[in-house]
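For the protein sequence lines, the chains are A and B, in the order given.
Converting from the first sequence to the numbering used here requires adding 1150 to each position, the first position being numbered 1.
Converting from the second sequence to the numbering used here requires adding 1150 to each position, the first position being numbered 1.
Ideal Cβ positions, reconstructed from N, Cα and C, are used throughout, including at glycine.
See below for the structure under consideration.
Number of protein chains: 2
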Amino acid sequence: MSKNKNHQAQSDRYEIRLSGSGGQGLILAGVMLAEAMGVEDGKNVVQTQSYGPEARGGASRADVVVSSDTIYYPKPMGLDLLLALTQEACDTYFSALRENGILIIDSDLVHQPPTPDCYSFPFTMLAKNEIGHVMVANVISLGAIVEITRLASKDSIKTVVKSRAPVGTEEKNLKALELGFKIAKEKMKSTRTAAV
Amino acid sequence: MSKNKNHQAQSDRYEIRLSGSGGQGLILAGVMLAEAMGVEDGKNVVQTQSYGPEARGGASRADVVVSSDTIYYPKPMGLDLLLALTQEACDTYFSALRENGILIIDSDLVHQPPTPDCYSFPFTMLAKNEIGHVMVANVISLGAIVEITRLASKDSIKTVVKSRAPVGTEEKNLKALELGFKIAKEKMKSTRTAAV
Chain A
1151 MSKNKNHQAQ SDRYEIRLSG SGGQGLILAG VMLAEAMGVE DGKNVVQTQS YGPEARGGAS
1211 RADVVVSSDT IYYPKPMGLD LLLALTQEAC DTYFSALREN GILIIDSDLV HQPPTPDCYS
1271 FPFTMLAKNE IGHVMVANVI SLGAIVEITR LASKDSIKTV VKSRAPVGTE EKNLKALELG
1331 FKIAKEKMKS TRTAAV
Chain B
1151 MSKNKNHQAQ SDRYEIRLSG SGGQGLILAG VMLAEAMGVE DGKNVVQTQS YGPEARGGAS
1211 RADVVVSSDT IYYPKPMGLD LLLALTQEAC DTYFSALREN GILIIDSDLV HQPPTPDCYS
1271 FPFTMLAKNE IGHVMVANVI SLGAIVEITR LASKDSIKTV VKSRAPVGTE EKNLKALELG
1331 FKIAKEKMKS TRTAAV
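Right, dumping it as structure tokens:
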């Protein structure tokens, strides 16, 4: 009985890394995702930024670990999902992705994906052309992550994006989030159709 | 030799918790402090938010662990510094402060400090009355922390506060930071004088 319970707790843990370069808003995105799951949805969440020598090179990453049980070890052990918004981040962290883990990349910024088995979206181009603000690529990515994984409820992520968006940019960020939902939904639909 | 080196690495580790309630900007302050030490000053830093049942009660905390060596265990084991901006946060986390650790409180919001041996500043009142924006209490606190501990260089924290402040609030935030430096400097001076 107790063994089963432990097994349940272990399999429930989910590890996410949002990676790219400084200025892409990945830490804010990590905080938003963590708050949606932790504060709004009531799960246990640990959100972490680590700064070492690579931070001085301009790289940036935010980790989020979520579980319905207490999280004793907050460092990711094998990523379930990796978002890579630069080629460098993709090259650096792909090996940390576990087998069958989900890779999501910016199709314009990651020219050489390490596997064809990934979700590829032009987040930065969409932010610029569809929303009119390159800085919301992070929130479009968040929308795609939530649509694909359903880790947070849509209401929760909307609430958090609205409250954490810089004053005056709430509407643009909510529009970006909805765009993220939409592109991911379409991609999953077309993937399923192609597989038929 | 190796033993000495380990001892050196251990004693160099410094653990900080910024605590209060949601909306006081503690996560942003934690990110700013971590970036100043990690990206600007070149130390190893891990910055963490944990969300559990207490987050649903409106409590908020941001942890920062800094070391010149690799940080294998990112959770604080015994806090070297605790900032408490609410009575509840002070009551909850004071026991996590190690002996001789530094306690910094908001004098208007923590009415019953658990020890007289603490730094007490009216951060929120100063933010409102001196800067004209209650939201910068977090950055005044940061200024006091940096002045008291010298964990980050002043140039580094200025650079990060300027880049991470919401657009249009850069000047207010820099003013808040300088005010934090000033009040802490005066307090340390008066404490030294009183001790003579």
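Nearest-angstrom Cα separation, counted from L1327/A out to G1318/B
24 Å
Who are N1194/B's beta bridge partners in DSSP?
S1217/B
Which residues in the same chain as L1292/B place their Cβ atom closer than 8 Å to its Cβ, once the five residues preceding and following it in sequence are excluded?
A1179, M1182, L1183, I1307, V1311, L1327, G1330
Given this structure, state the Cα-to-Cα distance separating S1257/A from P1272/A, to the nearest angstrom.
5 Å
How about the stretch 1218 to 1237 of chain A and the stretch 1226 to 1237 of chain B: do they share at least three Cβ pairs that are nearer than 8 Å?
no
Compute the Euclidean distance between the alpha carbons of A1302/A and D1162/B, then round it to the nearest angstrom.
38 Å
Helix, strand or coil, according to DSSP, for Y1223/B in the structure here?
coil
Compute the Euclidean distance between the alpha carbons of T1343/B and C1268/B, then round it to the nearest angstrom.
16 Å
For L1229/B: DSSP bridge partner residues:
L1247/B
Return yes when the Cβ of A1239/B is within less than 8 Å of the Cβ of R1206/B, no when it is not.
no
Report the option in A1315/B, Q1174/B, G1282/B, Y1164/B whose CA atom is closest to the CA atom of L1093/B.
With chain B represented from 1151 up to 1346, any question about residue 1093/B goes unanswered, as that position is not in the structure.
Identify whether L1176/A lies in helix, strand or coil by the three-state DSSP scheme.
helix
Can you list the residues of chain A that I1177/B reaches, using a CB-CB cut of under 7 Å?
V1181
Measuring from the CB of E1280/B, is there a heavy atom of the ligand PLP at a distance below 7 Å?
Annotation note on the ligand PLP: not contained in the displayed structure, which lists no ligands.
Whole-Å CB distance - D1136/A paired with N1250/A, under 8 Å assumed
Given a span of 1151 to 1346 for chain A in the structure shown, any question on residue 1136/A remains unanswerable.
Would you mind telling me which residues of chain A sit closer than 8 Å to R1206/B, beta carbon to beta carbon, in chain order?
V1189, G1192
Could you tell me which chain A residues have their CB closer than 9 Å to the CB of T1309/B, listed as they occur along the chain?
Chain A residues near T1309/B: none, gap ~12 Å exceeds 9 Å.
So, is the C-beta of P1263/B closer than 8 Å to a C-beta in chain A?
no
Work out the CA separation of L1276/B and G1170/A for me, nearest whole Å.
38 Å
Where DSSP assigns a beta bridge to I1255/A, which residues make up the other side?
A1234/A, S1270/A
Shorter than 8 Å from the beta carbon of G1202/A to some beta carbon of chain B?
yes
Per DSSP, cross-strand counterpart(s) of L1168/A:
A1212/A, L1233/A
Interface residues of chain B facing A1184/A [CB-CB closer than 8 Å]:
Q1199, Y1201
So the candidates are S1313/B, E1165/B, P1263/B; which of them puts its Cα closest to the Cα of I1221/B?
E1165/B
I believe K1335/A touches I1281/A by the beta-carbon criterion, under 8 Å. Please report the beta-carbon distance rounded to the nearest angstrom.
About 18 Å separates the two Cβ atoms, so there is no contact after all.
Should Q1262/B go down as buried or exposed, given a rule of 16 or more other Cβ atoms within 10 Å for buried?
exposed
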